[in-house]
Ligand code: NDP
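See below:
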């Protein structure tokens with residue numbers, strides 16, 4: 010006792026609670042200086058190239074291919090050959106073996122992939138380590154399980170693969186989006202040409218190494234990197250039977266127009282402007298955590314982000330106060346630091362878009378709050394932001410910002426909450442916070458959104474279908490529903 014008292018006297022309580030840096034080692038991943046396209050199981054030397062950078066430091070990480078029409082043509086040719094010469098006729102249990110192998114290798118190499126994802130995309134390592142990688146592996150495990158059970162999934166309908174799938178993915182969850190697309194396509198017996206986003210190609214290129222390790226037959230998965238022109242060449246190619254696209258509503262609409270009348274199948278997973286609705290009977294501290302996770306997870310680069318917060322008027326002041334206090338504890342900085350909560354914005358272009366929309370919020374009359382935080386000098390950064398005093402007509406309440414920016418609005422009755430939440434061209438997700446189960450069900454039935462979370466937000470699971478209404482797109486990924494877009498049925 011005396012010893013304890015002495016120690017306490019000599020150790021004054023620390024005044025500064027800042028964390029010591031806890032950086033993850035970069036050495037666990039080896040980045041090549043230069044990458045080609047992965048076509049027919051081989052690296053093909055590129056004609057054109059560009060540099061991919063780290064958004065947190067602006068340092069160039071590698072030179073990668075700017076895929077041309079000829080590269081896309083070669084990749085589609087390889088995918089067609091692989092489809093015709095074995096893959097589409099392989100038994101489901103044989104296809105499953107490859108998918109299980111890919112899943113296990115992803116688990117084994119998770120640390121390497123997580124570091125690369127954070128380096129190339131700017132997201133905090135704790136998210137790539139605890140969310141992106143486990144979920145990517147889980148998708149391969151899940152769809153491996155379906156590969157030999159398609160007849161049971163769709164009884165009396167004789168499911169057959171569609172053919173070659175052209176898949177175009179965005180930069181916010183590079184490896185996870187790859188998994189969402191590649192796993193169901195292969196489980197159903199299709200072959201694939203995938204184009205990663207221009208700014209985040211590196212984990213898809215490392216994935217080619219996994220495919221080789223898993224001894225996947227050559228040409229079953231081909232990866233062509235490049236910008237929107239490469240994506241457009243893939244969309245337009247006659248040898249592609251299906252396009253699966255995740256990205257902006259604008260590009261999604263353009264793709265839909267181009268494919269009209271071609272007979273090619275299409276699924277679109279587009280933007281969102283989700284309502285996160287908090288009733289006065291909810292557990293407020295829990296709701297604050299859900300709000301923070303809903304909008305600041307992955308710097309708000311999330312299509313289903315809870316970017317519009319609707320708070321019941323009676324608790325508005327109290328909730329905003331709690332939220333602001335919580336924001337002061339968010340650590341913004343080095344994505345490879347295990348303590349970091351909010352990493353770097355993905356690109357200079359995206360940072361510019363966020364800045365201009367935030368400026369429009371200020372100009373239109375909303376009240377802005379940003380916690381005091383020192384942003385690094387190099388790289389692309391934006392402080393977590395909350396807008397109060399927001400009208401529904403403001404651009405920050407209407408448009409997808411795709412950044413760490415929350416707009417707070419209020420409501421008085423459940424009817425008003427429904428009306429306001431659905432007042433958007435999008436319909437991807439929604440959140441409801443209340444202690445009453447009956448109110449959750451009442452609200453969920455009225456939300457025009459593909460996914461509705463209750464007393465939680467941003468929860469993902471491979472068994473659960475994900476997709477949108479209205480301008481958020483069509484088609485579902487995940488679950489049994491996620492198989493259908495990759496199958497045709499011989500009734
Ligand atoms: P895009 O829709 O442009 O990009 C998505 C993917 O499509 C990328 O691989 C992109 O290539 C490719 N692409 C671009 N143009 C074409 C085309 N004409 N034909 C075929 N493929 C194409 O999104 P951005 O990256 O430009 O982001 C812009 C905005 O979109 C963001 O600010 C955000 O609001 C929203 N967005 C929404 C996402 C979602 O998940 N809902 C994901 C990403 C963005 P490249 O990378 O080279 O442009």
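Numbering (the numbering used here), first residue to last: 10 to 500. Quick reminder that beta carbons are idealized off the backbone N, C-alpha and C, glycines included. All of these numbers come straight from a predicted model, not from anything done at the bench.
So what's residue i in DSSP terms, helix, strand or just coil?
i, result
"residue 340", "coil"
"residue 189", "helix"
"residue 419", "strand"
"residue 494", "helix"
"residue 377", "strand"
"residue 239", "helix"
"residue 305", "helix"
"residue 279", "coil"
"residue 178", "coil"
"residue 486", "strand"
"residue 479", "helix"
"residue 153", "helix"
"residue 398", "coil"
"residue 254", "strand"
"residue 274", "strand"
"residue 211", "helix"
"residue 321", "strand"
"residue 129", "helix"
"residue 429", "helix"
"residue 288", "coil"
"residue 70", "strand"
"residue 47", "strand"
"residue 413", "coil"
"residue 203", "strand"
"residue 170", "strand"
Report yes if the CB atom of residue i is closer than 8 Å to the CB atom of residue j, and no otherwise.
i, j, result
"residue 354", "residue 131", "yes"
"residue 225", "residue 107", "yes"
"residue 189", "residue 148", "yes"
"residue 136", "residue 184", "no"
"residue 341", "residue 393", "yes"
"residue 118", "residue 202", "no"
"residue 104", "residue 198", "yes"
"residue 412", "residue 437", "no"
"residue 88", "residue 200", "yes"
"residue 129", "residue 211", "yes"
"residue 228", "residue 74", "no"
"residue 233", "residue 204", "yes"
"residue 467", "residue 371", "no"
"residue 420", "residue 322", "yes"
"residue 405", "residue 375", "yes"
"residue 280", "residue 409", "yes"
"residue 120", "residue 37", "yes"
"residue 216", "residue 150", "no"
Please report the distance separating the alpha-carbon of residue i from that of residue j.
i, j, result
"residue 252", "residue 275", "5 Å"
"residue 134", "residue 349", "8 Å"
"residue 465", "residue 366", "27 Å"
"residue 425", "residue 157", "48 Å"
"residue 499", "residue 168", "7 Å"
"residue 82", "residue 470", "35 Å"
"residue 378", "residue 335", "12 Å"
"residue 243", "residue 78", "8 Å"
"residue 305", "residue 240", "29 Å"
"residue 196", "residue 266", "29 Å"
"residue 152", "residue 390", "37 Å"
"residue 214", "residue 42", "12 Å"
"residue 163", "residue 170", "13 Å"
"residue 490", "residue 193", "10 Å"
"residue 144", "residue 116", "10 Å"
"residue 94", "residue 207", "31 Å"
"residue 40", "residue 70", "7 Å"
"residue 309", "residue 344", "14 Å"
"residue 492", "residue 238", "28 Å"
"residue 55", "residue 351", "35 Å"
"residue 270", "residue 407", "32 Å"
"residue 166", "residue 97", "17 Å"
"residue 29", "residue 250", "52 Å"
"residue 209", "residue 363", "19 Å"
Problem - Three CB pairs or more closer than 8 Å across the region 251 to 269 and the region 126 to 142 - result: Not touching, per the Cβ criterion.
Handout entry: Given 8 Å, three or more beta-carbon pairs between the region 311 to 325 and the region 277 to 290
Key = yes
Handout entry: Sufficient close CB pairs (3 or more, under 8 Å) joining the region 61 to 68 to the region 175 to 184
Key = no
Problem - Cβ contact check for the region 292 to 312 and the region 396 to 405: 3 or more pairs under 8 Å - result: Counting Cβ pairs under 8 Å, fewer than three are found: no touch.
Problem - Sufficient close CB pairs (3 or more, under 8 Å) joining the region 427 to 447 to the region 483 to 500 - result: Output reads no: the region 483 to 500 does not touch the region 427 to 447.
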